[in-house]
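>
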């Protein structure tokens, strides 16, 4: 049941009372009445805000219950349970605090010097009643969803135990003990363990795959190194072949030069002989010419 905002209505009733509803009192009485009204409205607005926050927390509790009922993983449920218990404690604390605030506000209203038949007092009483009703509705909603959640948890545990072939679900005392121990996943314990084992195996396989890839990379590097060495050896072999051919060519040239030098020596020796023969022949001719000239000159004399 939603609360009505009666701030404007209370202010209008206050003005009517001061104008003609009853005989006006002293200015001091009017000032005290105005302060009391403002204090009441401020306290009522604060309590209304706290109740609205409590409603939001109750809605969050309901959402957490749905999440815990829908997930099969115990680690996630434990996270939700921690938040769930904290919010439940907060809601109970807020309910107690708001209840105390309402009692204090009711005490202030009773202490106000207002006639029982006055409209202002009726408005105060009605506002208090509306706030109290709203708090009771919100508190009842909280306890109702708590009871509904426990029944759903019991039904879930019964289904899980029945699926396992366990007759423990027929004993309400044992069921309550399981709930107190927060054993929410008796059916999925093995499944979660299998999932964890599979995840660990997957991590191991990924680690081995990484090692194999690194080994493959190392083998590729060594293969590239051997290819480079093969290329270097081939290049050096070609260079050695070229050097060997140059050495062979040089050897052939040296041998050819040696032969040519030997032939040059022979040719030089022949040339010397020819030269000597020519000189001897010339000398012989000169001697003959000289003898002839001597004979001729002798006969002429």
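Residue numbers (our numbering): 325 to 625. C-beta atoms are modelled at their ideal positions from N, C-alpha and C, and glycine is treated no differently. Keep in mind the model is a prediction, meaning the values are calculated, not measured.
#1: Let me know the secondary structure DSSP gives residue 582 once reduced to three states.
#2: Determine the contact status of residue 367 and residue 444, defining contact as a CB-CB distance below 7 Å.
#3: Using the Cβ count rule (16 or more neighbours within 10 Å means buried), how would you classify residue 556?
#4: How many angstroms separate the CA atom of residue 374 from the CA atom of residue 459?
#5: Using a Cβ-Cβ cutoff of less than 7 Å, which residues in the same chain neighbour residue 613 once the five nearest sequence positions on both sides are dropped?
#6: By how many angstroms is the C-alpha of residue 482 removed from the C-alpha of residue 392?
#7: Drop a sphere of 10 angstroms on the beta-carbon of residue 577, count the other beta-carbons inside from all chains shown, and report buried for 16 or more, exposed for fewer.
#8: Which residue's Cα is closest to the Cα of residue 450: 418, 426, 394, 465?
#9: Suppose you measure from the CA of residue 436 to the CA of residue 363; what does that come to, to the nearest Å?
#10: What is the C-beta distance between residue 378 and residue 462, in whole angstroms, given that I count them as a contact (C-beta under 8 Å)?
#11: Are residue 385 and residue 361 touching if we call contact CB-CB under 7 Å?
#12: Please report whether the beta-carbon of residue 375 lies at a distance below 7 Å from any beta-carbon of chain C.
#13: Rounded to whole angstroms, how far is the Cβ of residue 415 from the Cβ of residue 381, which I believe are closer than 8 Å?
#14: So, for residue 419: in the same chain, excluding its five sequence neighbours on each side, which residues have a beta-carbon less than 6 Å away from its beta-carbon?
Working from what's here:
#1: Mapped onto the chain shown, residue 582 falls at position 258. It is helical.
#2: As a working note, residue 367 is residue 43 in the chain shown. As a working note, residue 444 is residue 120 in the chain shown. Cβ distance not < 7 Å, so residue 367 and residue 444 don't count as in contact.
#3: Your numbering for residue 556 matches position 232 in the chain shown. The residue in question, residue 556, is exposed, as its Cβ has fewer than 16 Cβ neighbours within 10 Å.
#4: Translated into the one-based positions of the chain shown, residue 374 becomes position 50. Translated into the one-based positions of the chain shown, residue 459 becomes position 135. Roughly 10 Å between the two C-alpha positions.
#5: For this step, residue 613 is matched to residue 289 along the chain shown. None.
#6: Here residue 392 refers to the residue found at position 68 of the chain shown. Here residue 482 refers to the residue found at position 158 of the chain shown. Cα to Cα, the separation comes out at about 16 Å.
#7: Here residue 577 is taken as the residue at index 253 of the chain shown, counted from 1. So residue 577 ends up on the exposed side.
#8: In the chain shown, the residue the question calls residue 450 occupies position 126. Considering only alpha carbons, the answer is 426.
#9: What you label residue 436 is simply residue 112 of the chain shown in a count that begins at 1. What you label residue 363 is simply residue 39 of the chain shown in a count that begins at 1. The straight-line gap from Cα to Cα measures roughly 12 Å.
#10: Mapped onto the chain shown, residue 378 falls at position 54. Mapped onto the chain shown, residue 462 falls at position 138. Sure, about 5 Å apart at Cβ, within 8 Å.
#11: The count along the chain shown starts at 1 and reaches residue 385 at position 61. The count along the chain shown starts at 1 and reaches residue 361 at position 37. Taking 7 Å as the Cβ cut-off, residue 385 and residue 361 do not qualify as a contacting pair.
#12: Looking for chain C here will not work: only one protein chain is present.
#13: Reading the chain shown from its first residue, position 91 is the one you call residue 415. Reading the chain shown from its first residue, position 57 is the one you call residue 381. Their Cβ separation, rounded to whole angstroms, is 5 Å, which keeps residue 415 and residue 381 in contact under 8 Å.
#14: Reading the chain shown from its first residue, position 95 is the one you call residue 419. Around residue 419: 463.
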